[in-house]
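J.: Here it is, the structure in full.
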Amino acid sequence: MTPIGSSCDVRKERAMQYFIPAWYQENDWRENEQVWYRSRTVTEFDDTVKQVQLFFRRKVAPLEVVLLSFSPNFRHFLHRQGVYHVPYWSCFDAMQGISVRAMHTFSFHDLSWPEDVEFVYSPFAVLVMHNREKYAEISFAEDGNMFRVDLFRNGLMSASNFYDDRGFVSQQIAYENGVASFQRYFDEQGVWKFARYLEDGHVVINPESAFFLHGNEKVPYAKQRYQNLDEVIAEVLADFLKDTSEEDVFTIAMHPLHSELLNTVLKERPKILSFFERRMEAHAFTEAEQELLDSAGCIVADKQSTAEEVKKHLHRDTPIRVITPYETRVEFGISQHLQVQNILAACDDLSEEQFDRMIVLLGGYIRNQNHRARVCLFTRSSKYDEKIGLLKRAQNALSRAGMNPEMAGTEEGVRENDVLEDPLVRVFSVAQCVDEMHVSRTLREQRVVCDLSPLPDQFLEISAMSMGIPQITMQKTEYIEDGRNGKILKDLSELPEAADYYLGSVAHFNEAQIASYDLGSRFTAPELEKAWKEVIQIDQHSGTAAGRE
């Protein structure tokens, strides 16, 4: 078995597939680990996660993840994604001279504290008090592991220590008068390797430990001072590439942070570019990204709309393949066992007018035709007040239409027993589903999925198909066929009729369920594997990729 964190031993035996992810905190070279009590604003899942899962679990081809970000909790991330044993190479591990591989359990009690400190346990963190003053604050990540300790002096933060899940301090941020000044990066022995000064971003190498690791070999840094972290990463990545073959393929998750660097370092290498809708939002192509696009052997997009957007920037006939990052599987919900009939209505990308009309139409349908129906307003937003905000918007829409605003009451939400008590009270509820697991749990109770947005939520569509839930949309997508597994509306006014078609007839619901399972067979793991093997063949035989003309 390939050791965790090491380079894969099969590199030279056959062409490797290297995956370069975009797992960054906003636009910085660091992981997106956060405290356990704070809701994620976006899901961790993306195209690279699914690609790595698929290649690793189904043994599509030899693979290795090339990690360019500072990720001291990467083992926890891999565990959450179900690919803990996937081979990977970490650029920052090499830069910091870290050779240890395995995770190590440790506690804040293992740290060196002054003798008379007191630990105060709050609901969110552990406070360390010394001489009746706040000395430190210990924060924990999603998996319960300690990952950050903030130190204080005279009431101001003086330093933040970030702990690696392998049991040592990996980075320290130093503060001057409460303002972050510079970052120091350490090896597992506590020796600082380099420092990054935040005012202008320049990096200084420790002259007493001026090397990075290439396997077990110590390689001297080329310079004592670098303009920024990008320069250091580029040097160490270029050294790593010496062990790769000219036939190896690099699948790059397109992201503006690493585009220029990879365009330079991978200039003559076979490349597959992976585009993901969430990273395409409000994003203009840079010159480096355009050059990457022009040199790619093949392009993979997560959905047809993403592919169409990428096509606008192509200067040549580069093959584009649409491969969903989500797979279908036959699952069963519990909607038929409930007294109520739940309609999941996606809200995020609707205009104010569309949202109000949808609320009024569904409210009228429940009041006049189907007292058993309930509406679950679905949002991916993680804002703490999103639930109350959506319900208030629904109340206002109902009130303007002369309907009872308490149908969207905010006190207790929707209860199944409400159908027996008062059919016109509390029929609207809200589900905030940032991550895919929460989406799946919510869908289990839904009888119909309604997504009227210009670009329907792809994971919602795939999950509804997997569970055999009829879908109502206003856009044709790869995941719905009008009259088979759902309805494509020509006008919003058709919504009540479409909903009643499935809620008012078990036969119609069953027909849509069977059709969903049938259509879903095109997006199973074996089908995705076939699609990726085709992409690999296209790239390997492409005569237009950079360096192979």
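So the sequence shown is numbered by the UniProt record's numbering: it starts at 1 and just counts up by one. Even glycine gets a Cβ: it sits at the ideal position worked out from N, Cα and C. Model, not experiment: these values are computed from the prediction.
1) Given a cut-off of 8 angstroms, decide if Leu503 and Val448 are closer than it, judged by their beta-carbon atoms.
2) Should the region 459–472 be called in touch with the region 519–528, which here means at least 3 C-beta pairs below 8 angstroms?
3) Determine the closest residue to Tyr163 out of Asp500, Tyr326, Glu31 and Ala512, with distance taken between C-alpha atoms.
4) Decide if His76 is buried, meaning its Cβ has at least 16 other Cβ atoms within 10 Å, or exposed.
5) Could you tell me the alpha carbon to alpha carbon distance between Ser382 and Phe211, rounded to whole angstroms?
6) I'd like the ranges of any alpha helix (DSSP H) spanning at least 4 consecutive residues and lying wholly in the region 252–288.
7) Give me the residue from Leu492, Ser493, Lys530 and Gln341 with the minimum Cα distance to Phe509.
8) Would you kindly work out how many angstroms separate the C-alpha atoms of Lys267 and Ala296, rounded to a whole number?
9) Can you give the beta carbon distance from Thr43 to Phe19, rounded, assuming they're within the 8 angstroms contact cut?
10) Got a sec? Which residues, its chain only, sit under 6 angstroms from Arg444 by beta carbon, not counting five neighbours each side?
11) Can you find the residues in the same chain that come closer than 8 angstroms, C-beta to C-beta, to Ala284, ignoring five residues on each side of it along the sequence?
12) Check this for me: beta carbons of Ser399 and Ile469, under 8 angstroms apart or not?
13) In the DSSP output, what is Leu67 paired with across the bridge?
14) Count the CB pairs spanning the region 311–319 and the region 342–358 that are closer than 8 angstroms, and state whether there are at least three.
15) Kindly indicate which three-state DSSP category Lys193 falls into: helix, strand or coil?
16) Between Gly144, Tyr175 and Arg166, which lies nearest to Gly155 when the distance is taken from Cα to Cα?
17) Report the start-end ranges of each alpha helix (DSSP H) in the region 366–446 that is 4 residues or longer and not cut off at the edges.
18) Let me know the secondary structure DSSP gives Asp200 once reduced to three states.
19) Can you pull the DSSP bridge partners for Leu519?
20) Identify the continuous alpha helix (DSSP H) that holds Ile462 and give its terminal residues.
21) What do you get for Pro207, buried or exposed, if any count of 16 or more other CB atoms within 10 angstroms of its CB means buried?
22) What three-state label does DSSP hand His214 in the structure shown?
23) Based on Cα-Cα distance, which residue from Asn131, Glu137 and His109 lies nearest to Ser122?
24) DSSP has Val236 in a bridge; who is on the other side?
25) I'd like to know if the region 365–378 and the region 475–489 are in contact, where contact means that at least 3 CB-CB pairs between them fall below 8 angstroms.
26) Give a yes or no on whether the C-beta atoms belonging to Phe56 and Val86 are separated by under 8 angstroms.
27) Is it right to say Tyr365 is buried, meaning 16 or more other beta carbons lie within 10 angstroms of its own, or is it exposed?
T.: So, from the listed chains and residues:
1) Annotated as proximal: Val448 and Leu503, with beta-carbon spacing under 8 angstroms.
2) These segments touch.
3) For Tyr163, the nearest C-alpha among the options comes from Glu31.
4) A buried status is given to His76, since no fewer than 16 other beta-carbon atoms sit within 10 Å of its beta-carbon.
5) Each residue's alpha carbon lies about 43 angstroms from the other.
6) The region 252–288 contains these whole alpha helix (DSSP H) runs: 256–265 and 277–280.
7) Nearest neighbour of Phe509 by Cα position, chosen from Leu492, Ser493, Lys530 and Gln341, turns out to be Gln341.
8) Straight-line Cα distance between these residues: approximately 10 angstroms.
9) For Thr43 against Phe19, the beta-carbon gap comes to about 18 angstroms, at or over 8 angstroms, which does not count as contact.
10) Closer than 6 angstroms at the Cβ level, and outside the excluded window around Arg444, lie Gly333 and Ile334.
11) Here the set comprises nothing.
12) Contact: no.
13) Per DSSP, Ser90.
14) Pairwise C-beta distances place the region 311–319 out of contact with the region 342–358, as fewer than three of them are shorter than 8 angstroms.
15) Three-state result, Lys193: strand.
16) The option with the nearest alpha carbon to Gly155 is Tyr175.
17) Fully enclosed alpha helix (DSSP H) runs of 4 or longer: 386–400, 418–421 and 436–443.
18) Correct three-state label for Asp200: coil.
19) Looking at the DSSP assignment, Leu519 forms no beta bridge with any residue, so it has no partner.
20) Secondary structure note for Ile462: its alpha helix (DSSP H) is the uninterrupted segment Gln458 to Ser466.
21) Counting Cβ neighbours within 10 Å, Pro207 comes out exposed, since fewer than 16 surround it.
22) Looking at His214 - three-state DSSP - the assignment turns out to be strand.
23) Comparing alpha carbon positions, the residue from Asn131, Glu137 and His109 closest to Ser122 is Glu137.
24) Per DSSP, none; premise fails for Val236.
25) Touching, no, given that fewer than three Cβ pairs across the two stretches are closer than 8 angstroms.
26) When the beta-carbon positions are compared, Phe56 and Val86 come within less than 8 angstroms of each other.
27) Buried, by the Cβ-count rule.
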